[in-house]
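When the letters of the sequence shown are read in order and numbered with the working numbering, they come out as residues 72 to 452.
Every residue gets a Cβ at the ideal spot worked out from N, C-alpha and C, and that includes glycine.
The structure appears right after this line, and notes come after that.
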Amino acid sequence: MIWLGLLLFLALLVGWVVWLVRRLAVAPRWDEVLPERASRWVRRGAAGVVVLGTVLLVLAEVLQRVVDPAPWRPLLWAGLTWVSVVWYLTLGLALVALACGVLRLLRRPAWRDAVARLGAVGALAGALGVTGYGLVEASDVRTSEVEITVADLDPALDGLRIALVTDLHVGPVRDADFVAAVVDRVQEADPDLVVLGGDYTDGLERHVGEYLDPLGDLDAPYGVVAVTGNHEFINGDADEVMARLEGLGVTALRNENVLVERDGGRLVVAGVHDAVGEGDDAPDPDAALAGTEPDDAILYVAHEPSQVEADRGIDVQMSGHTHGGQLWPFGYLVRLDQPTLAGLDEVDGVQVVTSRGAGAWGPPVRVAAPPEVVVVTLRAG
């Protein structure tokens, strides 16, 4: 079955590449408007760009999972960035193909050829332009402020500030310098508590774990807590990642809770493993909420918004995972899997704060989904 799946994937990949080459190099009929030599170079150039980009993408996807990314970073950057280029190129060329199909039915061959040529150039320019914008957007991590009223919160904890940092995804493209910049952003917000919401690395912990070391510089009066994300389990080294975080002074919440107390008021901070965890690492809300009372103010940390627990006395949930869609219009697909995309929403009676995340998975590109650190201020109800 594995080999059958691999063959099917390769067949789809080859078919996709052939379609892109045809739309860029063949359908425009460059030989009808360009000298023979120029037309030949345009066709070869278009085919070369698509094939080379796809080869780099496949290499990047394989290498980031098995090797230390540091020596390979330029190749990884190029291959993963191509994901964005080819995505928007495909969208653009699909629209051009649709328009050409309509003109073919209307029997307007000259118009069809003109649209095919202009569309091919426009789609490529547009894909490169949007990706360039997305590279800049992804490099600018901002701070988003959210204020939430919690009915069960003791007035002694009114104004408590909690920074939510999720989805760093360091490894193939981003390293310790990126994490240090995020830490600086968090410290500027002066939070009382820092919550790390999962998906810390892409790649094996033994290769990229050290990039997380700047997290040890996080300094908040009530400490730093962390839960696992799905990528810790995809990478197969969730225990190693959490152990590294603990070595940096972070409290790992493995289906357990801790108390934040001030002047007699208390907030229960409960954290569960990501939904894909299995065995001892499976999410266990019962264990995470053990010892809590119905009138406790409870902050529940789960990597995915869909992990919301209704009717459990939870006041606020903090999550990440969605990236806000990362590359428009993927956000619409994310909403098919998750109950909320970003910001503050109410899900099954629970106020859920979802961060778009600070990093990026795959391409270091964000389009209409800027990276963020979310700072939540709790208000007593």
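Element boundaries [alpha helix (DSSP H), containing residue i]
i	result
residue 73	73-92
residue 220	Residue 220 -> not in any alpha helix (DSSP H); beta strand (DSSP E) instead, spanning 213-221.
residue 137	107-137
residue 359	356-359
Sub-8 Å separation of residue i and residue j beta-carbons
i	j	result
residue 361	residue 386	no
residue 431	residue 437	yes
residue 376	residue 410	yes
residue 413	residue 395	yes
residue 232	residue 448	yes
residue 210	residue 398	no
residue 183	residue 104	no
residue 275	residue 250	no
residue 293	residue 263	yes
residue 131	residue 243	yes
residue 160	residue 195	yes
residue 222	residue 384	no
residue 241	residue 279	yes
Inter-residue Cα distance where the pair is residue i and residue j
i	j	result
residue 346	residue 352	9 Å
residue 166	residue 443	32 Å
residue 78	residue 87	14 Å
residue 151	residue 108	33 Å
residue 163	residue 95	11 Å
residue 321	residue 388	19 Å
residue 229	residue 355	29 Å
residue 329	residue 340	5 Å
residue 415	residue 207	26 Å
residue 110	residue 259	56 Å
residue 405	residue 120	30 Å
residue 303	residue 144	21 Å
residue 216	residue 117	45 Å
residue 85	residue 92	11 Å
residue 272	residue 284	12 Å
residue 445	residue 323	20 Å
residue 173	residue 90	18 Å
residue 421	residue 380	8 Å
residue 334	residue 290	21 Å
residue 441	residue 115	36 Å
residue 318	residue 288	12 Å
residue 225	residue 83	57 Å
residue 365	residue 219	19 Å
residue 158	residue 125	11 Å
residue 370	residue 148	37 Å
residue 326	residue 343	4 Å
residue 245	residue 180	48 Å
residue 434	residue 426	18 Å
residue 392	residue 198	25 Å
residue 112	residue 123	16 Å
residue 97	residue 169	16 Å
Limits of the beta strand (DSSP E) - the one that residue i falls within
i	result
residue 393	Per DSSP, residue 393 belongs to no beta strand (DSSP E) and is neither H nor E.
residue 414	414-418
residue 277	Premise fails: residue 277 lies in the alpha helix (DSSP H), 276-279, not in any beta strand (DSSP E).
residue 405	Premise fails: residue 405 lies in the alpha helix (DSSP H), 401-405, not in any beta strand (DSSP E).
residue 368	368-372
residue 450	443-451
residue 265	264-267
residue 423	421-425
Below-8 Å beta-carbon distance, residue i vs any chain D residue
i	result
residue 408	Note that chain D does not occur in the displayed structure, where there is just one protein chain.
Residue i: CB within 7 Å of a non-hydrogen atom of the ligand ZN
i	result
residue 97	By its list of ligands, the structure shown contains no ligand whatsoever, and the ligand ZN lies outside what it can speak to.
ask   = What residue ranges within the region 281-342 form continuous beta strand (DSSP E) runs of no fewer than 3 residues, ordered along the chain?
value = 295-297, 327-333 and 336-342
Inside the region 226-258 only - beta strand (DSSP E) runs reaching at least 3 residues:
232-236
Q.
Runs of 4 residues minimum, wholly inside the region 145-217: which ones carry the alpha helix (DSSP H) assignment?
A. 180-209
Q.
When you compare the region 264-273 with the region 228-241, are there three or more beta-carbon pairs, one atom per stretch, that lie closer than 8 Å?
A. Short answer: they touch.
Between the region 313-322 and the region 296-303, do three or more beta carbon pairs fall short of 8 Å?
yes
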